[in-house]
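All remarks here apply to the structure that follows.
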Amino acid sequence: MSILELSGVKKSFGAVQVLHGVDLKVWPGEVVGLVGDNGAGKSTLMKSITGVYTTDKGSVIFDGKDVTYHSPGERREMGIEMIYQDLALAPQQDVANNIFLGREPTRWLLGILPSFVQKSRIDEQAQEMLDRLGVHVPSVHIPVGMLSGGQQQTIAIARALTFQPKLVIMDEPTAALAVREVESVLKLIEQMKKDGIATILISHRLNDVFAACERIVVLRRGNVISDLKRSATDMAEVVSYIVGAHG
Numbered sequence: 082m083s084i085l086e087l088s089g090v091k092k093s094f095g096a097v098q099v100l101h102g103v104d105l106k107v108w109p110g111e112v113v114g115l116v117g118d119n120g121a122g123k124s125t126l127m128k129s130i131t132g133v134y135t136t137d138k139g140s141v142i143f144d145g146k147d148v149t150y151h152s153p154g155e156r157r158e159m160g161i162e163m164i165y166q167d168l169a170l171a172p173q174q175d176v177a178n179n180i181f182l183g184r185e186p187t188r189w190l191l192g193i194l195p196s197f198v199q200k201s202r203i204d205e206q207a208q209e210m211l212d213r214l215g216v217h218v219p220s221v222h223i224p225v226g227m228l229s230g231g232q233q234q235t236i237a238i239a240r241a242l243t244f245q246p247k248l249v250i251m252d253e254p255t256a257a258l259a260v261r262e263v264e265s266v267l268k269l270i271e272q273m274k275k276d277g278i279a280t281i282l283i284s285h286r287l288n289d290v291f292a293a294c295e296r297i298v299v300l301r302r303g304n305v306i307s308d309l310k311r312s313a314t315d316m317a318e319v320v321s322y323i324v325g326a327h328g
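Each number in the working numbering comes from the position in the sequence shown (counting from 1) with 81 added on.
See the structure below:
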């Protein structure tokens, strides 16, 4: 059974229709590349999946349940995570605090009331998460703002995975990274796949899309115009769909 199924999703802003009846399926553990030019509707589509936008028409089925009218918080609790391009990290806070930001484990007073945050537990669990993912940072105590772009990206991924998601949407995760840092992110995507987590990778970097994804979906002017297996296509064909020279 698919983990995500969009059927006939439409979204307009005033007189401007951005999505024109999008159909999309994603399977557990699958890595799907979503590509398209600026203005193709990628961000609107992703926000329709996460619940930031309510669709005008069509349905969003997640893990067998209709979540079309669920809030972003409800969808997150069900297992949908999105890592935005700006990462939304707190640069002054350390690595461990960023991973558990807003979900800090607390000690319970008399078993009834949460009394205070257990910093040692945060540090320990953060280190366990990083070790499991094979993420290397100098220390979980270092401020995130002192890390490289690639390290910050991996921290954002680690934070998303603490929610135990079933689907992770990544918005341009390699856009500002050096080659070596890109490899780290692609390895994390591979690890997520092994763990059965589905991933939608939004990227303009087709090299990364071809390296990470089994399937490539091209969005143009709010329509899915191609849904291609990586093994049955090449970069030239994908580019031709993106620019409108094909299909």
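Cβ atoms here follow ideal geometry from the backbone N, Cα and C, with glycine treated the same way. Note that the structure is predicted; figures quoted are calculated from it, not measured.
Per DSSP, the unbroken beta strand (DSSP E) holding Ile283 starts and ends at Ala279 to Ile283. Met273 and Ile283 have their alpha carbons spaced roughly 16 Å apart.
The beta-carbon distance between Leu168 and Leu126, rounded to whole angstroms, is 20 Å. This is too long to meet the 8 Å contact definition.
The alpha carbon of Leu87 has as its nearest neighbour, out of Ser140, Leu287 and Leu115, the alpha carbon of Ser140. Secondary structure of Pro153 (DSSP, three-state): helix.
In the three-state reduction of the DSSP assignment, Ser229 falls in the coil class. Partner residues in the beta bridge of Asp252, as assigned by DSSP, are Ile283. Counting the other Cβ atoms within 10 Å of the Cβ of Thr135 gives fewer than 16, which makes it exposed. For Asn288 and Asp212, the gap between their C-alpha atoms comes out near 27 Å. Straight-line spacing of the CA atoms in Glu318 and Gly114 works out to 14 Å. For Met82, the secondary structure class from DSSP, reduced to helix, strand or coil, is coil. Here Glu262 really is in contact with Gly231; their C-beta atoms are around 2 Å apart, less than 8 Å. Assignment of beta-bridge partners to Lys146 by DSSP yields Phe143. With respect to Met163, Ile250 sits close: the two C-beta atoms are nearer than 8 Å. Where Asp204 is concerned, the enclosing alpha helix (DSSP H) starts and stops at Lys200 to Leu214. Residue pairing from DSSP places Pro224 in a beta bridge opposite Asp175. Taking a cut-off of 8 Å on C-beta distances, the stretch 255 to 270 does not touch the stretch 170 to 186, as fewer than three cross pairs fall below it. Only residues of its own chain outside the window of five on either side were considered, and among them Gly132 have a CB closer than 7 Å to the CB of His151, listed in chain order. Per DSSP, Ser265 is one residue of the alpha helix (DSSP H) stretching across Val260 to Lys275.
Within its own chain, the residues whose Cβ lies closer than 6 Å to the Cβ of Lys91, once the five positions on either side in sequence are excluded, are Leu100, Gly102, Asp137, Lys138 and Gly139, listed in chain order. Secondary structure of Phe181 (DSSP, three-state): coil.
Inclusion of Val299 and Asp104 in the CB contact set at 8 Å is not warranted, their separation being larger than that value. In this structure, the straight-line span from the alpha carbon of Lys247 to that of Ala241 is close to 11 Å.
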